[in-house]
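One structure is given here, and the rest of the page talks about it.
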Amino acid sequence: MDRENRGVVIFDWDGVIVDSAPEYMGIYGWICEKYGKIFPIRTLEEFREWYDSAWENNFTKLGFAASDIPELLAFEEMNVDYERIGFFEGIREVLLGLAEGYDLGIASTSSEETIHRKLTQENLDGLFAIISGGEDGKSEKKEKISKVVYHFGRPPEQHLMIGDTVMDVVSAKSLGIKCIGVSYGWNTRRRLEEASPCLVLDSPAEIIPAIRTVLP
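Quick note: the sequence shown uses my numbering, first residue -19, plus one each step.
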């Protein structure tokens, strides 16, 4: 297949490639303890039901003012440790397998530097033609996905998003891009299904067969 006719698979980072939800749940608890707020979440499943990808809303739900958010984000960035965060079991093999027949990109609210550093440690950095990260400090995903689409210069129907949150699904669909949800990340299967992605998968092992049905 000619390169320009290859499909493009756009991955979210947190919750799809790296298992970061437990780390961030701990950070939210730490922030609440530090600033005298009550963190009502006790289990990871509760966190996945509670978490809003528009993370500004999470802070306001916890009783913080909008003016507090820059300080809270700085604290979060300083204390999140991706050295402690591992790849999901099997995702490395998925990425290597997909790279043989598809072009790959990442659209994430995590910083490009953080993503590059982690991928380099895993000897996977060269797999992705573009990483569109969260240097703008915003929680939205539409612009980040758009940046990947612009990079490849191919029509929306040649792209497929793999995401783990309602925002991933909604943002991709708003651009005319199909989205597969994965239920092992930051949002529950129930929440993902309400956003109506093409499919909802429960493990990385299901990703390649699913992509081949949605993006031949």
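All residues carry an ideal CB built from backbone N, CA and C; glycine is no exception.
In whole angstroms, what is the alpha-carbon distance linking residue i and residue j?
i: GLU123; j: LEU155; result: 10 Å
i: ALA190; j: ASP(-1); result: 21 Å
i: TYR130; j: HIS139; result: 11 Å
i: ALA109; j: GLY(-13); result: 13 Å
i: ASN59; j: LEU53; result: 10 Å
i: ARG171; j: GLU29; result: 7 Å
i: GLY77; j: PHE132; result: 20 Å
i: ILE86; j: TYR31; result: 21 Å
i: VAL150; j: GLU63; result: 30 Å
i: LEU195; j: ALA1; result: 28 Å
i: ILE21; j: ILE187; result: 30 Å
i: PHE68; j: GLU173; result: 22 Å
i: GLY43; j: GLU26; result: 18 Å
i: VAL128; j: HIS96; result: 16 Å
Are residue i and residue j close, meaning C-beta to C-beta below 8 Å?
i: SER112; j: TRP(-7); result: no
i: ILE7; j: ILE125; result: no
i: ILE71; j: ILE(-3); result: yes
i: PRO177; j: ILE160; result: yes
i: GLY(-5); j: GLY106; result: no
i: GLU(-16); j: ARG192; result: no
i: LEU179; j: SER163; result: no
i: SER88; j: GLU36; result: no
i: ASP148; j: LYS121; result: yes
i: GLU115; j: GLU137; result: no
i: GLU56; j: ILE11; result: yes
Just grab the DSSP bridge partners of residue i for me.
i: VAL162; result: LEU181
i: GLY85; result: ILE(-10) and ILE110
i: LEU140; result: VAL(-11) and LYS158
i: VAL(-4); result: None; VAL(-4) has no bridge partner.
i: PHE67; result: VAL(-2)
Quick check on the burial criterion: 16 or more other C-beta atoms within 10 angstroms. Buried or exposed for residue i?
i: THR145; result: buried
i: ALA152; result: buried
i: SER33; result: buried
i: ASN38; result: buried
i: THR168; result: buried
i: ALA45; result: exposed
i: THR23; result: exposed
i: LYS98; result: buried
i: GLY143; result: buried
Under 8 Å between C-beta atoms, does residue i make it to chain C?
i: GLY16; result: No chain C appears in this structure, which consists of one protein chain only.
Confirm the yes/no value for this check: CB of residue i, any heavy atom of the ligand SAH, distance under 7 Å.
i: GLY(-13); result: You won't find the ligand SAH in this model; it holds no ligand whatsoever.
For the segment 96 to 110 against the segment 17 to 34, do three or more pairs of beta-carbon atoms, one drawn from each stretch, fall closer than 8 Å, so that the two count as touching? no
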